[in-house]
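Chains as they are written, first to last, in full-length UniProt numbering: chain V, 1 to 339; chain C, 1 to 339.
Below is one structure, written out as structure tokens, with a few remarks after it.
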DNA sequence: ATATATTTTTTACGCACGAGAAGTTTAAAC
DNA sequence: GTTTAAACTTCTCGTGCGTAAAAAATATAT
């Protein structure tokens, strides 16, 4: 039992011709069942695999799918990346994961690398405000791409995300029904365009309900949202900038930091009479269930978003046309103890 | 300005020969400065890159470095992966990241995929107890590999991790000096071998200090440590299984869940007189600073571990011999409000 | 049994680059 | 001005597989 070095030798060992083996690896169902068995029997005996590089060199389209997220240390993106990865593998593709780590230059480098990998398609969650729109536009012209999480305005690119106006509408309505109307706590210069939509929707819903909106914006750059929420929240609490006893945070990570600020300031959080403040978030971050108190929030539909993003991409890859569709999913109110 | 299709055309455009261009891309310093400038000038005009697949097909060694972590949705692994990635890029390598998602079958698939990518080396954080040791051993025989985070016993493979005995020793000593001696809170069947070392070290240190050890083990499988810590912790609290008012958790994620259990059980956590229980963790998880109260813990030296893992790998790649060295880094006590 | 359709084999070429040998230019050293 | 070594060029071959066309083998239908 000598070692197989290439497809030629493997085909000889299996007793079929090399092009037949090649065909088998492109689609096992494209060969007759009897020959398929012979190939798979040989595959058991010698565990050999075709050379990935030689395979992809001549293929019109590789089976590679690029997944790019802005910040992998955020479990939200880790979870959605995981979900997307699994779906790609199930569909017979080879997913490769990249994180921009919050750095626009790195995002561009990743797009460059991906371009040279000639992927079948790419699922891209852009950095947002700091992204190089021109670079993304050029990239999408070359490679079938579906954006998710965060859209890039003004471009004709497929996008799958959450219905941010609905998010804020849902939670603001809930908070107003169950207590004082909320103030809105956010970053002054959010990296993510979703944040702006959420603020606007907060303002609109408050107006619709006949309440005066109060927006508390705090400084801070980058993706260390918890720290921004904590330090900014502590300052805002000290300066009594919250006009009501209810705070709606722009996202859960900010809320997690804000809860820490409340704890460190001795402000009790919750919806029971002995509590001084109610805090809510948006996203249903994986850790939000484990804050103290557990965070009331609006859950993003991870599963639907990842499924629809992958389906949209593969559909357009099969059809050979650029994906265009924009699809938004609604959020679900998750009531816990913080509000 | 026509589009460049391959290295031949690019070489012509740059006014040098193709092998010279090839040499440049292998090591820009291996060509004369004047020709380097000509190549880089052409690189600016036409943004062209050599075909990755054709490059790697004939190279004895690719520039690919595989990074495998057991569970990417854990920010600890996301952070260390990020750090390793950055170092690889700086060293001129092409990192590719994989997560086993807690699934041994997937871990094996990833190793298979990696093998066919013929990487220069691999940095592997195994699943631990559930890993297929035979598969890992075979893989390491073919590919230069450095293990990190979790060792695989009985194999002669390089490993970089934390000095777990020192961790428990450090925090147990601290807790005993500042209050009641701690009970040890852990999973009954931990996925990670580090957990066993931590328990043993807890027992040894308690004995050394003349205290009676109390180990509270809770059931639960998988990588959802927070939920295991919360549900198991709630039950243990209700059953009054903690013999002292101090709980040392096997790791921070378990501690985060346990803090939630304390909150939901109405047990106040902290080291002030008005608190009923002290809770400490081990790892200094990225979120531990944002729990309520912030978690006292032992910090893993992320930076040193990732740096040393990468250096060990590249050293052995250059020398062309299998990496063997085992290196452990000490932890640092991080005192916060929980204990 | 014959005709037809489907697979498989054979043959041949192409891909984009790495690698080595041998010859040529360049630049520095004597 | 000659020597010498480094850098560069050209030539050629090799890599492992995709792909296409035509010929041969096999299966299915009539």
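Just so you know, even glycine gets a beta-carbon here, dropped at the ideal spot from N, CA and C.
Give the C-beta separation of residue i and residue j to the nearest angstrom, bearing in mind that I take them to be a contact with Cβ-Cβ under 8 angstroms.
{"i": "residue 188 of chain V", "j": "residue 219 of chain V", "result": "5 angstroms"}
{"i": "residue 159 of chain V", "j": "residue 326 of chain V", "result": "5 angstroms"}
{"i": "residue 331 of chain C", "j": "residue 166 of chain C", "result": "6 angstroms"}
{"i": "residue 61 of chain C", "j": "residue 120 of chain C", "result": "5 angstroms"}
{"i": "residue 142 of chain V", "j": "residue 329 of chain V", "result": "Contact doesn't hold; Cβ gap of about 28 angstroms is too wide."}
{"i": "residue 130 of chain C", "j": "residue 172 of chain C", "result": "At roughly 28 angstroms, the Cβ-Cβ gap does not stay under 8 angstroms, so residue 130 of chain C and residue 172 of chain C are not in contact."}
{"i": "residue 28 of chain V", "j": "residue 18 of chain V", "result": "The Cβ separation is near 16 angstroms, so there is no contact."}
{"i": "residue 250 of chain V", "j": "residue 193 of chain V", "result": "Residue 250 of chain V to residue 193 of chain V, Cβ: 12 angstroms. No contact."}
{"i": "residue 93 of chain V", "j": "residue 69 of chain V", "result": "With 8 angstroms as the limit, residue 93 of chain V and residue 69 of chain V do not qualify as a contact, their Cβ atoms being about 17 angstroms apart."}
{"i": "residue 183 of chain C", "j": "residue 157 of chain C", "result": "Not really, about 35 angstroms apart at Cβ, beyond 8 angstroms."}
Taking residue i as the reference, give the member of the options with the closest Cα.
{"i": "residue 9 of chain V", "options": "V:38, V:48 and V:40", "result": "V:48"}
{"i": "residue 342 of chain C", "options": "C:132, C:31, C:80 and C:35", "result": "Limits of chain C in this structure are 1 at one end and 339 at the other, which puts residue 342 of chain C out of reach."}
{"i": "residue 290 of chain C", "options": "C:318, C:306 and C:260", "result": "C:260"}
{"i": "residue 264 of chain V", "options": "V:283, V:238 and V:278", "result": "V:238"}
{"i": "residue 255 of chain C", "options": "C:227, C:212 and C:271", "result": "C:227"}
{"i": "residue 181 of chain C", "options": "C:277, C:16, C:129 and C:67", "result": "C:277"}
{"i": "residue 137 of chain C", "options": "C:186, C:117, C:111 and C:250", "result": "C:111"}
{"i": "residue 293 of chain C", "options": "C:258, C:319, C:324 and C:114", "result": "C:258"}
{"i": "residue 235 of chain V", "options": "V:185, V:271 and V:154", "result": "V:185"}
{"i": "residue 104 of chain V", "options": "V:16, V:128, V:124 and V:169", "result": "V:128"}
{"i": "residue 179 of chain C", "options": "C:270, C:132 and C:85", "result": "C:270"}
{"i": "residue 371 of chain C", "options": "C:253, C:216, C:196 and C:175", "result": "Residue 371 of chain C is absent from the structure shown; chain C starts at 1 and stops at 339."}
{"i": "residue 126 of chain V", "options": "V:148, V:177, V:169 and V:310", "result": "V:148"}
{"i": "residue 122 of chain V", "options": "V:145, V:101 and V:224", "result": "V:145"}
{"i": "residue 222 of chain V", "options": "V:34, V:230 and V:191", "result": "V:191"}
{"i": "residue 283 of chain C", "options": "C:310, C:170, C:246 and C:233", "result": "C:170"}
{"i": "residue 197 of chain V", "options": "V:24, V:150 and V:82", "result": "V:150"}
Is residue i close to chain C, meaning its C-beta is less than 9 angstroms from at least one C-beta of that chain?
{"i": "residue 257 of chain V", "result": "yes"}
{"i": "residue 296 of chain V", "result": "no"}
{"i": "residue 248 of chain V", "result": "no"}
{"i": "residue 116 of chain V", "result": "yes"}
{"i": "residue 282 of chain V", "result": "no"}
{"i": "residue 276 of chain V", "result": "no"}
{"i": "residue 262 of chain V", "result": "yes"}
{"i": "residue 6 of chain V", "result": "no"}
{"i": "residue 49 of chain V", "result": "yes"}
{"i": "residue 9 of chain V", "result": "no"}
Is there at least one Cβ from chain V nearer than 9 angstroms to residue i's Cβ?
{"i": "residue 139 of chain C", "result": "no"}
{"i": "residue 40 of chain C", "result": "no"}
{"i": "residue 46 of chain C", "result": "no"}
{"i": "residue 273 of chain C", "result": "no"}
{"i": "residue 52 of chain C", "result": "yes"}
{"i": "residue 98 of chain C", "result": "yes"}
{"i": "residue 28 of chain C", "result": "no"}
{"i": "residue 226 of chain C", "result": "yes"}
{"i": "residue 112 of chain C", "result": "yes"}
{"i": "residue 70 of chain C", "result": "no"}
{"i": "residue 94 of chain C", "result": "yes"}
{"i": "residue 74 of chain C", "result": "yes"}
{"i": "residue 101 of chain C", "result": "yes"}
{"i": "residue 293 of chain C", "result": "yes"}
{"i": "residue 107 of chain C", "result": "no"}
{"i": "residue 189 of chain C", "result": "no"}
{"i": "residue 300 of chain C", "result": "no"}
In the DSSP assignment, find the unbroken beta strand (DSSP E) run with residue i in it and report its ends.
{"i": "residue 178 of chain V", "result": "Looking at the DSSP string, residue 178 of chain V is not in any beta strand (DSSP E); the run it does join, the alpha helix (DSSP H), is 164–178."}
{"i": "residue 299 of chain V", "result": "297–299"}
{"i": "residue 96 of chain C", "result": "94–99"}
{"i": "residue 72 of chain V", "result": "Per DSSP, residue 72 of chain V belongs to no beta strand (DSSP E) and is neither H nor E."}
{"i": "residue 186 of chain C", "result": "183–187"}
{"i": "residue 276 of chain V", "result": "Unbroken run through residue 276 of chain V: none, as it is neither H nor E."}
{"i": "residue 332 of chain C", "result": "332–334"}
{"i": "residue 155 of chain C", "result": "From DSSP, residue 155 of chain C is part of no beta strand (DSSP E); its letter is neither H nor E."}
In terms of residues, what are the limits of the alpha helix (DSSP H) holding residue i?
{"i": "residue 291 of chain V", "result": "No alpha helix (DSSP H) holds residue 291 of chain V; DSSP gives it neither H nor E."}
{"i": "residue 134 of chain V", "result": "133–142"}
{"i": "residue 145 of chain V", "result": "Segment 145–148 is the beta strand (DSSP E) holding residue 145 of chain V; no alpha helix (DSSP H) there."}
{"i": "residue 307 of chain C", "result": "302–319"}
{"i": "residue 117 of chain C", "result": "It is not in any alpha helix (DSSP H) - residue 117 of chain C carries neither H nor E in the DSSP assignment."}
Can you give, in chain order, each stretch of the alpha helix (DSSP H) that sits fully within the region 192–261 of chain V and has at least 4 residues? Secondary structure within the region 192–261 of chain V: the alpha helix (DSSP H) runs of 4 or more consecutive residues, fully enclosed, are 193–208 and 225–238 (chain order).
Please specify which runs of the alpha helix (DSSP H), each continuous and at least 4 residues long, are wholly inside the UniProt domain "HTH lacI-type" (5–59) of chain V, giving them in chain order. Within the UniProt domain "HTH lacI-type" (5–59) of chain V, the complete alpha helix (DSSP H) runs of at least 4 residues are 7–14, 18–26, 33–45 and 52–58.
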